[in-house]
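Visitor: Handing you a structure now.
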Amino acid sequence: MMASINDLSLAKGLTARAEAACAGLETGEAPILHQVSEITAELLKWWFQAEFQDARTFNFHPGQRQALLNVIYAHEILGISTLQELYQAVAPDVMLSSIWDSDVIRAPKNAYPKYCLKMATGTGKTWVLQAIMVWQILNANRATENPRFTRNFLVVAPGLIVYDRLLDAFMGKERDGKRDFSISDLAVFQELFIPDAYRDEVFRFVQGAVCPKEEIGRKVTAGGIIAISNWHVLSEEVEQPEDEEIEAPGVEIDPKAIVQSILPLTPGTSKGNDLNVLNRRYERGGILDYLKELPALMVFNDEAHHIHEFKREGEVTEVEWQKSLNLIAEPKGRRFVQVDFSATPYNEVGTGRNSRKSYFPHIVVDFDLKTAMRAGLVKSLVLDKRSEIGALSHDELDFKADRDESGKPMLSEGQRIMLRAGLTKLRKLEADFTGLDPEKHPKMLVVCEDTTVTPLVAEFMQLEGLADDDVLRVDSNRKGELKADEWKVLRERLFDVDRHRSPRVIVSVLMLREGFDVNNICVIVPLRASSAGILLEQTIGRGLRLMWRGNEYDDIKRENRQLIRAGRTPTNMIDILSIVEHPAFQEFYDDLIQEGLATESDDEDERNTSGTGDLISVGLRPGFENYDFAIPFILREQVEELEGTHIDPANLEPFGAFTLAQLKSQLGHGERFHSEDVQAKTRFGDYRVHGGVMTATGYNDYLARITRRITEAVTLTDTTGSSKAFANASKFPYIQINRAELAEGIDTFIRRHLFQHEVDLLADENWRVLLIDPVTEHIIKVWARAILEAEDSVIVADAEVAHRRLSEVPKLAMRTGSSLAVEKAIYLRLPYPSRNGGLELAFMETCERDASVESFCKINEQKHTFARLRYIKEDGLPAFYSPDFFVRAGGSIYLVETKAQGQLTSPNVLRKRKAAVAWCDRINSLAADLRNDAEWYYVLLGEDAFYGWRDKGGSIAELLAFARLRPVEDRSQAKFVF
C-alpha cells in the first residue's frame, strides 16, 4: 500500500524508530537513555524499567507507553520544529507520493511541533497528558532556555463534562465547593507519575500554576501556568471582521448614528448590555492577549476531533477556536507545541455509501479500539438482536419519534421495542451481579435523537416500573452544553453513578458523547439514528471502561474474548457491553465481527446465558470460626524500642566499583561505563556520567534528599497510590528513625568510608561524584540494610499484639470450574488458577482428605491485602508478596508457598523465603496466647517434594514439619503489613 496520511504512515514510521531506540528499556539499558536529557532518562527508567514497575500496583499499559515514547522521541531526540520535518525524518515517502498530502503537511497551521495521539476511549489518555506535562516541567526547570521544554500549558476541553474531568485530574474532585489536591490524579498516582525525589517540586508547581478558565490571565502564578479551559472561551475570542461602509458624499447624517458613535453601548439588559455581560466580554478579550504574549506554550486538546475543517459556500473554514490557537502560535514559532488526544481523529468526507475517513495528518501513535479490545483494556462488545425487531420490516420499524394528531412528539413502536429490550437486559444483569458483588451497579445509557425525546423516554421508563430516581435525564441544547447552574445540580450525581444503585438509566442526547468516564455502563440503547462514524464510536465509547477489575476476573474475561474471536456468544456478561440493535450500527459492527472483536446474541442466547457465567460469590461457612486464622501484628510504634542500637559507618561496605579519581575524571564527559559490584557481582549496566539521579544543587541538599529517601524506604509499611494512605503511613511508620542522627551517620560514611579514605567533599566539587547513579544506589542499599538489620535488638517481651482474621473478607468471587468444594476452610469453596493451577488443586485436595490437617485456606491477594509479607529487594527498597496457603496441622501453623521445581532457586524466591522465615521467628518469640497457641513456620514446597511425599502415603503434617525452613540469624526484613 502506498504511503499516505490516511495509511497512518507517520505513526508507523515513528513507532518503529522509537521502539528500536527503546530496546532494553525494561532492564535500564536502552539506547534512548543516552540520547535524552538526564531527567528524561530518569523518568523513562521510573516509568518503564521492570524493577520499578514490579514495585507498583499500577503502570502504563502498552498503548500509553507507546504514546509517551513516540512524543519524547520526536520532540526531544529528533528535535523537530514543524510537521514537515517530522515526516521527512520518519515517513518521507508520504510527501513524495501525493501532492495533496504534501500540501496538507506543509500548511501554515502545521508550521510548529504538532502531535496527535490516537487512543481508544477508556485507555487512559489523561494519564499520558499528565506524564507529558511532568516530563516538560522537570526538564524546563533545568534547561530554561531550551526551546523544546516549557512550563506554560493550556489544556482545552470540548465541553463541561471533559472540562470538569480535567479539573478533577489536576485539582481533585470538588466537595462542598472546595477541591482537594490530595485526591487529584497526580497525587493519587504519584508512585507512577513522578520519582520520589521530584514529587515536591512537581506538586508545588502544579498547585500554584493551575488556573480554571475564570482565572486565566488574572491569577498570578510563579514560573509558569496550567490553564484549563473549554473551547468556547477561545471561540468567543476571535473578533469577526466588520463590513466596510460606503457612503455617498452629501448624504444626510443620522442623529441616532451620531449618538451611537459617541456612546456605542446604551444601558439596559434587554440589549445585552448588562454590566456582568460586558465585564465577561472584556475579560475574554484579555485571555487571548495573555496567551499570545507568553514566550512559549504547550497546548493539549482533549477530545481533539472537534478540531476540524468544514466547507462553507465552497471554501474550507476552520472552527473558530482553532483560529484562536493559530493566533496564539504565530509569534512563538517552535516554542508553540500542540498535542491532540482523540479516539476518532478524522473528518468524514462524503455522504452515504461514499463516505470515508480523512485522518488528521499529525497522528503519531495509533492505539485503536480493536487493539484495546484484544488486550482486554476495555469491555468486549455484543450486539443484541431481538426477535421482535427482526420480525418487523425496516418500514415498520421506525427508530425515529412519531408525531400525534396535534403534532406533539411520541415514541415510535421501534423505539419502544428497543427500550424494552435494553431494560430487560439491565434487569437481568442487576439480578446476576448483585449475587456476585452487591457493590456493582450496572447502568443503561439511552442516546436520544434530540431533547424532545428525552422526556418521552423518561416517562416510558416510569410506565415500565422504574421510579423517578431511577432515571437521570441529561438534557442539552443544540451545542451539547448545559447552563452553568443546571450543570452544578447534575454533575455530582452524574459522576457518582458507579457507587449508587440509582439512577439505573441515564438518558441524554449529545451531552454524554465524550468525557463521561464511568465504569458501569453495561447496556446502550441508541435511539439517535445517526450513521456518522464519529458519533457511533463516541456512543459506544461511553460504555467501554472496565467494570470488573482484579485478577479473579482475568481468566473469565480472557475466555470471553476467545469465544468472541471464534464467533461464539460469551457464557457470561462480565465486562461485556451490550448494544441493542440499530440499523445505523450494523456496518460498524460487521467490521468488528469480521475482526473477531464483537459478536451477536439473540433471545435464545439471552435465556441460556447468565450475567456472571460460572463466576460465583462464595461466603463463609456456618461455624467458620473453627477454621479461621488470626494473623498476629505487633504494634511496633507503641511498644518497640531498639535497645542500644548503633550503626557504625566504618562497618558498612565501601563503594568498590571505581575509585574517586576514576569517577571525577569522567564527570561531565558523557562517557559510558559498565560496572560490576565487587561483592555481589551485580551488574549496574551501561550508563552515562553527567549528573545522576538526584540532581541536587549542593552537598547539603544531596544529604537531605538521600536521608529522606532512605528513611521512606525502610519506614513505610506499604506502597500505595493514595496520598491519604501515604500520609497516614508516614505518621505511623514501621520503625521510627531520628533523621538528624541518620544524616550525621550518612555524612560520616560518605566523608570517611565510602571511598575507603577521607574525602574533602567541598574541595574541587568532589561531592558531585555522589550524583552518579551507582554511587547513590550503593549508599541507599547499605544504609537500608543496616537499619533493618538493627531490629535484631528489638525488645518484644511486653509487646502489644493485634490480630487480623482471614474471615474479615466475608466473600470471595471465583469460578465454579476453577474452584474446589471444601470442608476444612472458612469458605465453602476455594479457588485455584484455571491455567497452571494443577499443583495448587492437588495440594488442596490432599489437605481436604488428610486427617492431620485441621484447617487451611487459599490466600486471595486482592482481598486478603493484610496477609502480605514485606521483604527487601537487592537494591534495599521494599516489596510485598502473599503466601499461597495458610495451613494448621500437627499443632503448628504453616505459611505455604507452592512452586514449580524450576522456580525454587530464583533470586526473588530466595529473598522472600528469607523474609518469611524471619517473620515466623519473630512471631514465635511472642507469648503462646498471642500467637494462637501455635508455632508459625514457613514452607517453600516444590512440586517434586509434594507429589513424591503424597504418592508414598505421607501425611501433610509430616511433610510440612519436614519441609519447614528453620530460623536464620537475620530477622531484619520480616513483617506482615496491614
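Note that the numbering used here has the sequence shown beginning at 356, numbered continuously upward.
All residues carry an ideal CB built from backbone N, CA and C; glycine is no exception.
Could you check if aspartate 555 is buried or exposed, using at least 16 other CB atoms within 10 Å of its CB as the buried criterion?
Guide: Under this definition aspartate 555 is an exposed residue.
Visitor: Could you check the C-alpha separation between isoleucine 581 and phenylalanine 1211 for me, to the nearest Å?
Guide: Approximately 55 Å between the Cα atoms of the pair.
Visitor: So, for tyrosine 553: in the same chain, excluding its five sequence neighbours on each side, which residues have a beta-carbon less than 7 Å away from its beta-carbon?
Guide: For tyrosine 553, where only same-chain residues beyond five positions count, the Cβ hits under 7 Å are Leu493.
Visitor: Just how far apart, CA to CA, sit histidine 937 and tyrosine 701?
Guide: Distance between the alpha carbons of histidine 937 and tyrosine 701: 23 Å.
Visitor: Which one of Pro567, Lys568, Phe544 and Glu569 has the shortest CA to CA distance from valine 557?
Guide: Among Pro567, Lys568, Phe544 and Glu569, the Cα nearest to that of valine 557 belongs to Phe544.
Visitor: Are the stretch 462 to 472 and the stretch 428 to 447 touching, with three or more C-beta to C-beta distances below 8 Å?
Guide: Segments in contact, yes.
Visitor: Please give me, in chain order, every unbroken run of the alpha helix (DSSP H) with length at least 4 that falls completely inside the stretch 509 to 552.
Guide: Counting only runs of 4 or more, we get 515 to 526, 540 to 543 and 545 to 548.
Visitor: With C-beta atoms as the reference, is leucine 778 less than 9 Å away from proline 797?
Guide: The answer is no: Cβ separation not under 9 Å.
Visitor: For the alpha helix (DSSP H) containing leucine 1161, name the first residue and the last one.
Guide: Leucine 1161 -> no alpha helix (DSSP H), and no H or E assigned at all.
Visitor: Inspect the beta-carbon positions of aspartate 540 and glutamine 491 and report whether they are closer than 9 Å.
Guide: Their beta carbons are not under 9 Å apart, which means aspartate 540 does not touch glutamine 491 by this criterion.
Visitor: Specify, as a first and last residue, the run of the alpha helix (DSSP H) that leucine 1295 falls within.
Guide: Element bounds for leucine 1295: not the alpha helix (DSSP H) but the beta strand (DSSP E), 1290 to 1297.
Visitor: Three-state secondary structure (DSSP) at phenylalanine 815?
Guide: Helix, per DSSP.
Visitor: Give the DSSP bridge partners of alanine 985, in chain order.
Guide: Note: alanine 985 sits in a beta bridge opposite Arg1160.
Visitor: So, for serine 1336: in the same chain, excluding its five sequence neighbours on each side, which residues have a beta-carbon less than 6 Å away from its beta-carbon?
Guide: Coverage of the chain is limited to positions 356 through 1333, which leaves residue 1336 absent and any answer about it impossible.
Visitor: To the nearest angstrom, how far is it from the Cα of methionine 474 to the Cα of alanine 786?
Guide: Going by the C-alpha atoms only, they are around 34 Å apart.
Visitor: From this set, Met773, Leu433 and Thr576, which residue's C-alpha is nearest valine 445's C-alpha?
Guide: Nearest of Met773, Leu433 and Thr576 to valine 445, Cα basis: Leu433.
Visitor: Since isoleucine 1214 and phenylalanine 1235 should fall inside the 8 Å C-beta cutoff, what is the C-beta to C-beta distance between them, to a whole number of angstroms?
Guide: The Cβ separation is near 12 Å, so there is no contact.
Visitor: For lysine 533, count neighbouring C-beta atoms within 10 Å of its own C-beta (all shown protein chains included) and say buried if the count is 16 or more, exposed if not.
Guide: Looking at its Cβ environment, which holds fewer than 16 other Cβ atoms inside 10 Å, lysine 533 is exposed.
Visitor: Can you pull the DSSP bridge partners for tyrosine 1302?
Guide: Bridge partners of tyrosine 1302: none, in fact.
Visitor: Quick one: Cα of isoleucine 879 to Cα of methionine 799, how far?
Guide: Roughly 6 Å between the two C-alpha positions.
Visitor: What residue from Gly1172, Phe548 and Asn1121 has the CA that sits closest to asparagine 1055's CA?
Guide: If we check each option's Cα against that of asparagine 1055, Asn1121 comes out closest.
Visitor: Quick one: what's glutamine 893 bridged to in DSSP?
Guide: DSSP output for glutamine 893 lists no bridge partner at all.
Visitor: Which partner residues does alanine 582 have in the DSSP bridge list?
Guide: DSSP, once it has assigned bridges, lists Leu509 and Cys566 as partnering alanine 582.
Visitor: Give me the Cα-Cα distance between alanine 684 and glycine 563, rounded to the nearest whole angstrom.
Guide: Using only the alpha carbons, I get a separation of about 24 Å.
Visitor: Could you tell me the alpha carbon to alpha carbon distance between glutamate 384 and alanine 378, rounded to whole angstroms?
Guide: One C-alpha to the other measures close to 8 Å.
Visitor: CB phenylalanine 815 to CB arginine 771, shorter than 9 Å?
Guide: Cβ distance < 9 Å, so phenylalanine 815 and arginine 771 count as in contact.
Visitor: Alpha carbon to alpha carbon, what distance is there between asparagine 875 and aspartate 657?
Guide: Answer to the nearest angstrom: the Cα atoms are 23 Å apart.
Visitor: Mapping the DSSP letters down to three states, classify aspartate 409 as helix, strand or coil.
Guide: Of the three classes helix, strand and coil, the one that applies to aspartate 409 here is coil, per DSSP.
Visitor: Let's see if you can read the secondary structure: which residues bound the alpha helix (DSSP H) around arginine 775?
Guide: Taken as a continuous stretch (DSSP letters only), the alpha helix (DSSP H) holding arginine 775 covers 768 to 791.
Visitor: With distances taken Cα to Cα, identify the nearest neighbour of phenylalanine 1104 among Leu1143, Ile1061 and Asp1119.
Guide: With distances taken between Cα atoms, phenylalanine 1104 lies closest to Ile1061.
Visitor: With DSSP collapsed to three states, give me the class of glutamate 794.
Guide: If DSSP states are grouped into helix, strand and coil, glutamate 794 belongs with coil.
Visitor: Is the Cβ-Cβ distance between glutamine 693 and methionine 728 less than 9 Å?
Guide: The answer is no: Cβ separation not under 9 Å.
Visitor: Looking only at its own chain, which residues have a Cβ that is under 7 Å from the Cβ of leucine 975, when we skip the five neighbours before and after it?
Guide: Only Ser1162, Pro1165, Ile1181 and Tyr1182 meet the Cβ criterion.
Visitor: Measure the beta-carbon distance from leucine 1125 to tyrosine 1187 and round it to whole angstroms, keeping in mind my assumption that it falls under 8 Å.
Guide: Leucine 1125 to tyrosine 1187, Cβ: 50 Å. No contact.
Visitor: For alanine 1095, is the classification buried or exposed, using 16 other Cβ atoms within 10 angstroms of its Cβ as the cut-off for buried?
Guide: It is exposed - the Cβ of alanine 1095 has fewer than 16 other Cβ atoms within 10 Å.
Visitor: State buried or exposed for methionine 357, treating a residue as buried only when at least 16 other CB atoms are found within 10 Å of its CB.
Guide: Its Cβ having fewer than 16 others within 10 Å, methionine 357 is exposed.
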